[in-house]
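Residue numbers (my numbering): 28 to 467.
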């Protein structure tokens, strides 16, 4: 009877407790006692049933729809701005060129103004000096081009004869008649497309004329920018109201600083490239050293692509005049100088304010060239830098990082009314109580 009752008692024990260890049984008994004392606590320990996927899926779809709509609005705004900029490019081009000229000519104009020279006279003097410098550079280069042009033409003729002899030998083994036939085909192709070539020439002449007109307009605008430069930002800030005025002043300051730094940096890079590449060409006896050095200098203002174009011209002239060996040496010199400039000089001089990814630079140059040719390629990077300045300013404003503070640790603000407004730069540490004198 005892054995039967023991089996019956064991059969009444749940299966999980039957296999549990003594420690687990003690924990379960303690939990049962706690549940008997406080039923609410036991219910709290019970996990809540999982929510269905429906509400979460609807919330995710709603968020995705909102984000997609915002992205579409941003893309539409960018397209509209691009269309407006394309329509107004005739107006925007001389303005941007005038600003670039003004950033170059403002330091000597400021020096003259500090020595009691009237603003208008200072602007006229620096503009005439700039034009005289450009004219002197052209007058200096032109004689060497004229003197060595015939020599280069003779070298090109000799190079063509060498190529013809090379084609007549193995592995091509082309006869004189075959080469003449290919030359005749090329001439016939040119004659067949004479109308298209003439149209392209007319288009090129028209583009040159438009470029000269834009250049004159840019110089006129540069005169006014230099003459009335310190008044532009206060006037514009006063028109926007007290809330937007600090942002307008800060953005104007950052824009001017970015353009100035771009000109200074690329001028230094161009000078270094032109000096060392020109020195290598002079040592190797390549003709047209001075024009190639000048081309290299101005090519630096079209980052990345300009250096390749200028280097390609140098290698081509070395090939025509001195042969393959000299051309390969020139190619090595160009690559070496570009590597030193890109890996050593650029990181040192670029600083914090002007950093664009090389892919952005290439896309900016390509977009500018497609819109306005050579001038557009020259302006592509400065415009991209200005867009980056505005983007970073808005980003810092959204993050609450005081974007209106300049790199010098000052916060520009506008004082006075619309007629007598001026920009002052307050040290951030002073809380804006005391204004620094107006910066020229």
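Backbone N, C-alpha and C define an ideal beta-carbon position, used for all residues, glycine too.
Note that this is a predicted model, so its numbers are computed, not measured.
**Prompt:** When burial is assigned at 16 or more other CB atoms within 10 Å of the CB, is residue 418 buried or exposed?
**Reply:** exposed
**Request:** Using beta-carbon positions only, say whether residue 329 and residue 404 come within less than 7 Å of one another.
**Result:** yes
**Prompt:** Helix, strand or coil for residue 335 per DSSP?
**Reply:** helix
**Item:** CA-to-CA distance, residue 272 to residue 97, given in whole angstroms
**Value:** 28 Å
**Request:** Give the C-beta separation of residue 387 and residue 353 to the nearest angstrom, bearing in mind that I take them to be a contact with Cβ-Cβ under 8 Å.
**Result:** Rounded, the Cβ-Cβ distance is 36 Å, inconsistent with contact.
**Prompt:** What does a CB cutoff of less than 6 Å around residue 323 pick up in its chain, not counting 5 residues either side in sequence?
**Reply:** 300, 301, 304 and 337
**Message:** According to DSSP, simplified to helix, strand and coil, what is residue 313?
**Reply:** coil
**Request:** Using only the heavy atoms of the ligand MN, determine whether one of them is closer than 6 Å to the beta carbon of residue 350.
**Result:** As for the ligand MN, it is missing from this structure, which has no ligand bound.
**Request:** Could you tell me the distance, in whole angstroms, from the CA atom of residue 135 to the CA atom of residue 424?
**Result:** 35 Å
**Request:** Could you check what DSSP says for residue 141 in three-state terms: helix, strand or coil?
**Result:** helix
**Item:** Length of the line joining the Cα atoms of residue 156 and residue 346
**Value:** 38 Å
**Message:** I need the straight-line Cα distance from residue 446 to residue 253, nearest angstrom please.
**Reply:** Reliability of the predicted coordinates at residue 446 is poor, the pLDDT of 47 falling under 50, and the value obtained from them is presented with this limitation in mind. Looking at the two C-alpha atoms, the distance is approximately 19 Å.
**Prompt:** Should residue 281 go down as buried or exposed, given a rule of 16 or more other Cβ atoms within 10 Å for buried?
**Reply:** buried
**Asked** Where does residue 184 land, buried or exposed, given buried means 16+ other C-beta within 10 angstroms?
**Response** exposed
**Prompt:** Can the beta-carbon of residue 317 be found closer than 7 Å to that of residue 342?
**Reply:** no
**Request:** Decide if residue 344 is buried, meaning its Cβ has at least 16 other Cβ atoms within 10 Å, or exposed.
**Result:** buried
**Prompt:** Are there 16 or more other CB atoms within 10 angstroms of the CB of residue 288, so buried, or fewer, so exposed?
**Reply:** buried
**Prompt:** Candidates 335, 146 and 415: which alpha carbon is nearest residue 258's?
**Reply:** 146
**Item:** Through-space distance from residue 86 to residue 468, alpha-carbon basis
**Value:** Lying before the first or after the last residue shown, residue 468 is absent from the chain, which here runs from 28 to 467.
**Same chain only: Cβ atoms within 8 Å of residue 320, ignoring 5 sequence neighbours per side** = 301, 302, 304, 305 and 308
**Item:** Backbone CA spacing between residue 297 and residue 334 [nearest angstrom]
**Value:** 9 Å
**Asked** CA-CA distance, residue 140 and residue 149?
**Response** 7 Å
**Asked** Are residue 406 and residue 123 close, meaning C-beta to C-beta below 7 Å?
**Response** yes
**Message:** Our contact map puts residue 349 next to residue 315 with C-beta atoms below 8 Å; I'd like the distance itself, whole angstroms only.
**Reply:** In fact, because the Cβ distance is near 12 Å, the residues do not count as touching under 8 Å.
**Message:** To the nearest angstrom, how far is the alpha carbon of residue 209 from that of residue 193?
**Reply:** 15 Å
**Message:** Assuming residue 127 and residue 239 are in contact, meaning their beta carbons sit under 8 Å apart, how far apart are those beta carbons, in whole angstroms?
**Reply:** Incorrect: roughly 17 Å between the Cβ atoms, too far for contact.
**Euclidean distance between Cα positions of residue 159 and residue 250** = 15 Å
**Start and end residues, alpha helix (DSSP H) containing residue 327** = Counting along the chain, residue 327 falls outside any alpha helix (DSSP H), and DSSP gives it neither H nor E.
**Asked** Going straight from the alpha carbon of residue 269 to that of residue 260, what length do you get?
**Response** 14 Å
**Prompt:** Since residue 404 is in the alpha helix (DSSP H), which residue starts that stretch and which ends it?
**Reply:** 385–426
**Request:** Mind listing, in chain order, the continuous alpha helix (DSSP H) runs of no fewer than 4 residues lying wholly within the stretch 347–378?
**Result:** 351–367 and 373–377
**Asked** Going straight from the alpha carbon of residue 263 to that of residue 244, what length do you get?
**Response** 22 Å
**Prompt:** With a CB to CB cut of under 7 Å and the five nearest residues on each side skipped, what residues in its chain are close to residue 116?
**Reply:** 398 and 399
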